[in-house]
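K.L.:
Protein sequence lines, in the order shown, are assigned to chains U and W.
Under this note's numbering, think of the first position of the first sequence as 4, with each following residue one higher.
Under this note's numbering, think of the first position of the second sequence as 554, with each following residue one higher.
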Amino acid sequence: MKDIMTGQERIRKAMRREATDRVPWVPFVGVHGGYLLGIAADEYLKNSEAIARGVGKAIELYQPDGIPVVFDLQVEAEALGCKVQWSKDNPPAVISHPLAEGKSPKDLPELDAGSGRIPVCLEATRRLRETYPEHALYGLITGPFTLALHLAGTNIFMQMMEAPNEVNALLEFCHDITCKMAGWYMDAGCDVIAVVDPMTSQIDPASFEQFVFPPVTRLFEMIRNRDRLSSFFVCGYAQQNIPAMCACRPDNISIDENIPLEYVRKVAEKHGISFGGNLKLTSVLSMGTPGEVEIHALETLEEGGDVGFIMAPGCDLVMGTPPENLQAVTRILADPYHREFVKTVRSAKVEEEVPDLTDHWNADKVVIDIITLDSSSCAPCQYMVEAMELAARPYGDKAECNEYSIKTREGLQMMSALGVKNVPVTVMDGEILFVSQIPPARNIEKAIQKKLRDKKLL
Amino acid sequence: MDELLENIATCIEFGKINTGSPFPPDMRGKKGADEYTREALDAGINPHTVLTRGLMVGMDKVGKKFRENKVFVPQVLMSAKAMNTAMEHLMPFFYSGDISAKGTFIIGTVFGDLHDIGKNLVAMMLKGNGWNVIDLGMDVATDTFLKTLEGHPGAVVGLSALLTTTMANMHQIVERIKEKKPQTIVAIGGAPVTQDFCDKIGADIYSPDPQGLLEDLDNKLFAR
Ligand code: B12
């Protein structure tokens, strides 16, 4: 079951709607990277070394195909003179809008690769590029409309109606900024440029077309000309604008948990682009149990399908998201047997009675129970059963092997009675000993001998 | 008279401010809420009638369209702007007592939270529905709510929060208000807030949108 594609290849193919060996996975790690290191958000986002380490840790833990370097939509605004308010557990927030205080775009500081925290982002990208040459690195830039809102404040909503030419000029200015940022991120080694423009969730399709479509379409064109990939992220309720977002011709759109994935899939299909997102950030990824996350990931996977779908959260991960929950997503994607297991258990009647196992145990032998999917359709299951039988043979009557397939009612009952949560699993005298991996023969033998000795049979 | 009131309502609904305003494009060069309200008052229509059968009808229509995702934030803000312009003409009648407000509503985004777009929409809808609104802005401390309430006994308090983390601050504010002025009606809202949460923290009204808040407030006032 060795992966044949690198993360980069998987993302590239998925974005072109070509076949992949499995659905790719892009956890939107932002300040969660700091959480993994025990560093507060306000320190993490100012330190390229910390970011590289935090993202590196996320790569090791979550085995993603792609990952953002920095998820902070205030970087450009801050470098252009907006005041930001820092927080320990969130990215900073913009709290002043220079263009609402009488300044015009030409009064703002010139943006270069050394402005504000941009060098931190680029340095982190270079470090990660060097360490992880096979993963797709996402460079996230603030979309032109959200940047315009940072610079001008919410008055921009009314100006759109009353002074549309001024707003278009402002978006033109923001477009230049996005092109610069995208260029620097690509130079530093990013494979994908993600344009994140959550504020567009608040406007109607006609306004989107008038103000957002022109600058964003040209930005994606520029990225395409450099043979890199692009994604358009909109966190928030943006259902009304999904077709318009696709029409901007990114390679991928990534959407929030509020939007039905089925709908997005259809629209993306029609435009021939890929799509992703949708995993529930707070209620499941952050507050759910690994078991709940597995079911949610499985359902999302079923809705997304296997053409052009990229598994990802609806927006940047809540800082303290439990790592086990993200690993649960990884498991669903990377382990087809585990996926099948979760599927089978989900569809089974949960109210099955838990059997009484008193008569199952025996003082005169060790009882070896192997819980499998069914050894014909699950190769590792088959190997585990064979390995156990082989190891048990020398002990004759003193060792008994039973296979229980969770595709049968009896198997499901045994599974819940033994407290098993994976397949294949080997349980000896009620103790869960070997999970998923087939242990070396020596380890099995040792385990059997220990059980026999406990019962004074050896 | 009916035609004038209808025109006012239409201008509010579509965000048409005055003759000079370019929005909406298909009403360019035509009169707006500003002119029609002036005309209505000059024609001797009762200011209270202008408010309830003109402005409020228009705001109610946008509120419903917003709830159904037929219009979005920019359109609602334009309606609110048209309404504010019309209100200028009605203000003197509020002061003279010819129109009385439904009551005072103190609103703010709770401390730690800087999201104010939703709160502003709620404030505007309340104004358009005949409330005297005191907007404390965003990142508002518990004491500021309490102090303002001191100066306006019997006012309703509205809290907005958009972050799961600042929802907890909402809890604290409600507790303090209920401790000091138990009879105060407290309404809460914001994207992550739910009816469940409202019940849990002992607030009186939750609504996912301004329209629902107005309906609930009318019901509570009626019950009094
Ligand atoms: C705009 C926005 C911002 C703007 C805010 C600008 C402004 N002046 O308000 C900026 C860029 C500053 C911002 C910053 C942040 N944001 Co923000 N933001 C949003 C966004 C895109 C839209 C929110 C909005 O305005 N909606 C439109 C209005 C009309 O809806 P509403 O506020 O829900 O209000 C309606 C109802 O809820 C109700 N209502 C509201 N208040 C009240 C009150 C009462 C009494 C009643 C009855 C009803 C009511 O009526 C309103 C009209 O229908 C959302 C995502 C989304 N699409 O929801 C994220 C979002 C809310 N932000 C989020 C985050 C994490 C942040 C930041 C922490 C991180 C960051 N830097 O991005 C900072 C936090 C700053 C802070 N300390 O508050 C998260 C919150 C996650 C969570 N649940 O905790 C969201 C959900 C995005 C996401 N990650 O998915 N944000």
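For glycine and all other residues, C-beta sits at the position ideal for the given N, C-alpha and C.
1. Going along the chain, which residues of its own chain have a beta-carbon closer than 8 Å to the beta-carbon of LYS634/W, five neighbours each way excluded?
2. Output needed in chain order: residues of the stretch 622-648 of chain W with a Cβ under 8 Å from some Cβ in chain U.
3. Against chain W, does ASP24/U count as a neighbour if the rule is that its beta carbon must be under 7 Å from one of theirs?
4. Per DSSP, what are the beta-bridge partners of ASN255/U in this structure?
5. Quick one: what's got a C-beta closer than 7 Å to ALA694/W's C-beta in the same chain, skipping five residues either side?
6. For TRP28/U, does the count of other Cβ atoms within 10 angstroms reach 16, so buried, or fall short, so exposed?
7. Counting only runs of 4+ residues fully inside the stretch 743-768 of chain W, write out the alpha helix (DSSP H) ranges in chain order.
8. Taking 6 Å as the cut-off, is the C-beta of LEU630/W nearer than that to any heavy atom in the ligand MG?
9. Nearest CA to the CA of ARG15/U: which residue from VAL348/U, TRP364/U, ALA139/U and VAL32/U?
10. If we define contact as Cβ-Cβ less than 7 Å, is ILE206/U a contact residue for chain W?
11. Does the pairing of the stretch 341-361 of chain U with the stretch 70-88 of chain U give three or more beta-carbon distances under 8 Å?
12. Can ALA96/U be considered in contact with the ligand B12, in the sense that its beta carbon sits closer than 6 Å to one or more heavy atoms?
13. For a contact defined as C-beta to C-beta under 7 Å, what are the partners of PHE160/U on chain W?
14. Between the Cα of VAL739/W and those of ILE726/W, THR747/W and VAL746/W, spot the shortest distance and give me the residue it belongs to.
15. In angstroms, rounded to a whole number, what distance separates the CA positions of ASN622/W and GLY671/W?
16. From LEU774/W to GLU768/W, what does the alpha carbon distance come to, in whole angstroms?
17. Roughly how many angstroms lie between the CA atoms of ILE258/U and PHE278/U, to the nearest whole one?
18. Can you tell me whether MET4/U is buried or exposed, with buried defined as 16 or more other CB within 10 angstroms of its CB?
19. Anyone know if the C-beta pair for VAL369/U and LYS454/U falls short of 7 Å?
20. Counting only Cβ-Cβ distances shorter than 7 Å, please list the residues of the stretch 233-244 of chain U near chain W, keeping chain order.
21. Along the stretch 93-108 of chain U, where does the CB come closer than 9 Å to a CB of chain W? Name the residues.
22. Going straight from the alpha carbon of HIS153/U to that of VAL78/U, what length do you get?
23. Please compile the residues from chain W whose C-beta is within a distance smaller than 9 Å of the C-beta of THR157/U.
24. SER713/W touches chain U at which residues, Cβ-Cβ below 8 Å?
25. Please find out if some non-hydrogen atom of the ligand B12 comes closer than 6 Å to the beta-carbon of GLY743/W.
26. Are ALA61/U and GLY37/U touching if we call contact CB-CB under 7 Å?
27. Say whether the stretch 233-251 of chain U touches the stretch 288-302 of chain U, bearing in mind that this needs 3 or more beta-carbon pairs closer than 8 Å, one atom from each stretch.
28. Might you give, ordered along the chain, the residues of its own chain that have their beta carbon closer than 7 Å to the beta carbon of VAL270/U, omitting 5 neighbours on each side?
29. Spatial neighbours of GLY280/U within its chain, please: CB distance less than 6 Å, with the 5 preceding and 5 following residues excluded, ordered by chain position.
30. Is it the case that the CB of ILE503/W approaches a heavy atom of the ligand B12 more closely than 6 Å?
31. Could you confirm whether any beta carbon from chain U is found closer than 7 Å to the beta carbon of THR717/W?
32. Check whether the stretch 67-76 of chain U touches the stretch 48-59 of chain U, counting contact only when three or more Cβ pairs, one atom from each stretch, lie closer than 8 Å.
33. Between ASP595/W and GLU588/W, what straight-line distance do the alpha-carbon atoms span, to the nearest angstrom?
34. Name, please, each residue of chain W whose Cβ falls closer than 8 Å to the Cβ of GLU389/U.
35. Return yes when the C-beta of ALA740/W is under 6 Å from any heavy atom of the ligand B12, and no when it is not.
36. At a CB-CB cut-off below 9 Å, which residues of chain U make contact with SER574/W?
P.N.:
Put simply:
1. GLY568 and ILE570
2. ASN622, VAL624, PHE625, VAL626, PRO627, GLN628, LEU630, MET631 and LYS634
3. no
4. SER234/U and SER277/U
5. PHE664
6. buried
7. 748-754
8. As for the ligand MG, it is missing from this structure, which binds only the ligand B12.
9. ALA139/U
10. yes
11. no
12. yes
13. VAL626, PRO627 and LEU630
14. ILE726/W
15. 14 Å
16. 10 Å
17. 8 Å
18. Low per-residue confidence applies at MET4/U: pLDDT is 43, beneath 50, and the placement is therefore not dependable enough to give any value.
19. yes
20. GLN243
21. ASN93, ALA96, VAL97 and ILE98
22. 11 Å
23. VAL626, LEU630, ASP669, ILE670 and ASN673
24. Going along chain U, no residue has its Cβ under 8 Å from SER713/W, so there is no contact; the nearest lies around 14 Å.
25. yes
26. no
27. no
28. ILE245, PRO246 and CYS249
29. SER257, ILE258, ALA315 and GLY317
30. Past the edges of chain W, shown from 554 to 777, lies residue 503/W, and the structure says nothing about it.
31. yes
32. yes
33. 10 Å
34. What GLU389/U touches in chain W: nothing, since even the nearest Cβ is about 50 Å away.
35. yes
36. MET164 and GLU165
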